[in-house]
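What follows is one structure encoded as structure tokens, with my remarks underneath.
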Ligand code: KG4
Ligand code: ZN
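Residue numbers (the working numbering): 70 to 429.
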């Protein structure tokens, strides 16, 4: 069966559209257009939700038109439309989801309301043949989780951050080092050639039971050191130390998850995938390779362009759902919070659930 799906992503500060074709399990990205809003938000040092929503409205039709044009397809060639329905900044999510609904209604196409995290979960499958199931480390600006992924709609959470996400830690520490938004890539550049041993930083949760994460102690300690730094060399050394400290934790926590997953899947092929914006960090990626190899897992990470937010991953999640008959009505709602493993999030809300429900 061949399915050609338009994907739309507007949950944060990228307006993205993509056309993906999936035929007999083989995936072809026909186009992937990403319009970044970095310049709009940079003066404020972070994403301003209202500015993000308005910026999505301004460009969404042009970005979708470009994605169709670059793919060489028309609306009539599509088998479905997939749009991110959460979690994320709800004003932005509504823009992309409403656009997707309008296309679905006007063209009589099935709509798939995609969980952004499920997009990250399938993202490595855009460029390589990685069968289910696999163990996934999802490290992004909003999330940091270990999940067993058996397919779309079938994720089981093994661990999650109890405070900040890894990307959030990168961004906030980068800010205290005076780096521009978005901080993660800027901090990675600053860290080059730095002495990661110079500043001792907290080793939160290392060696502890379970697979949860915590980055807030590291964030506070690094911010305190940053205040007293006068030289560029000092800032470089602190950036290197922070990057190592952030990478150390996924490495330690993932190793525990690898061990548990290997026990539960004895005799089967073992696959480990790291995805999300922070998977673009070379130190984070490389520190994960050794534990995966040592425990007999294959290792995969999406190409850099599919680590950070994009619509190709949304289109693929949509195509996989469509193939299983998992479609949504035009009454699908935009959700600021939407855990991938809702049962685990409700039973053990490592993020305080709050008014809007469990976050992760
Ligand atoms: O997946 P993503 O694009 O958006 C979310 O779903 O959150 O991830 C964005 C996060 C940001 O926190 C950004 O600073 C971080 O990923 N990031 C990086 C790098 N590239 C992006 N962090 C460290 N090193 C990088 N090279
Ligand atoms: Zn993301």
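From the three backbone atoms N, C-alpha and C, an ideal C-beta is built for every residue, glycine too.
Do residue j and residue i have their beta-carbon atoms positioned less than 8 Å apart in this structure?
i, j, result
"residue 162", "residue 84", "no"
"residue 102", "residue 386", "no"
"residue 282", "residue 312", "no"
"residue 183", "residue 137", "no"
"residue 390", "residue 221", "yes"
"residue 362", "residue 205", "no"
"residue 76", "residue 92", "no"
"residue 366", "residue 339", "yes"
"residue 235", "residue 268", "no"
"residue 232", "residue 285", "yes"
"residue 260", "residue 308", "yes"
"residue 99", "residue 148", "no"
"residue 381", "residue 375", "yes"
"residue 341", "residue 203", "yes"
"residue 201", "residue 176", "no"
"residue 242", "residue 292", "yes"
In the DSSP output, what is residue i paired with across the bridge?
i, result
"residue 224", "218"
"residue 464", "Outside the shown range of the chain, which is 70 to 429, sits residue 464, and nothing can be said about it."
"residue 78", "85"
"residue 135", "DSSP output for residue 135 lists no bridge partner at all."
"residue 183", "153"
Is residue i helix, strand or coil when you go by DSSP?
i, result
"residue 153", "strand"
"residue 83", "strand"
"residue 396", "coil"
"residue 320", "helix"
"residue 370", "coil"
"residue 335", "coil"
"residue 252", "helix"
"residue 380", "coil"
"residue 142", "coil"
"residue 265", "coil"
"residue 104", "strand"
"residue 207", "strand"
"residue 340", "strand"
Go ahead and label residue i buried or exposed: buried means 16 or more other beta carbons lie within 10 angstroms of its beta carbon, across all protein chains shown.
i, result
"residue 379", "buried"
"residue 194", "buried"
"residue 185", "buried"
"residue 187", "buried"
"residue 277", "exposed"
"residue 257", "buried"
"residue 417", "exposed"
"residue 296", "exposed"
"residue 252", "buried"
query = With distances taken from each beta carbon to the nearest heavy atom of ligand 1, which residues come in below 5 Å, in chain order?
reply = 209, 210, 211, 236, 239, 240, 251, 253, 254, 257, 345, 346, 347, 349, 350, 377, 378
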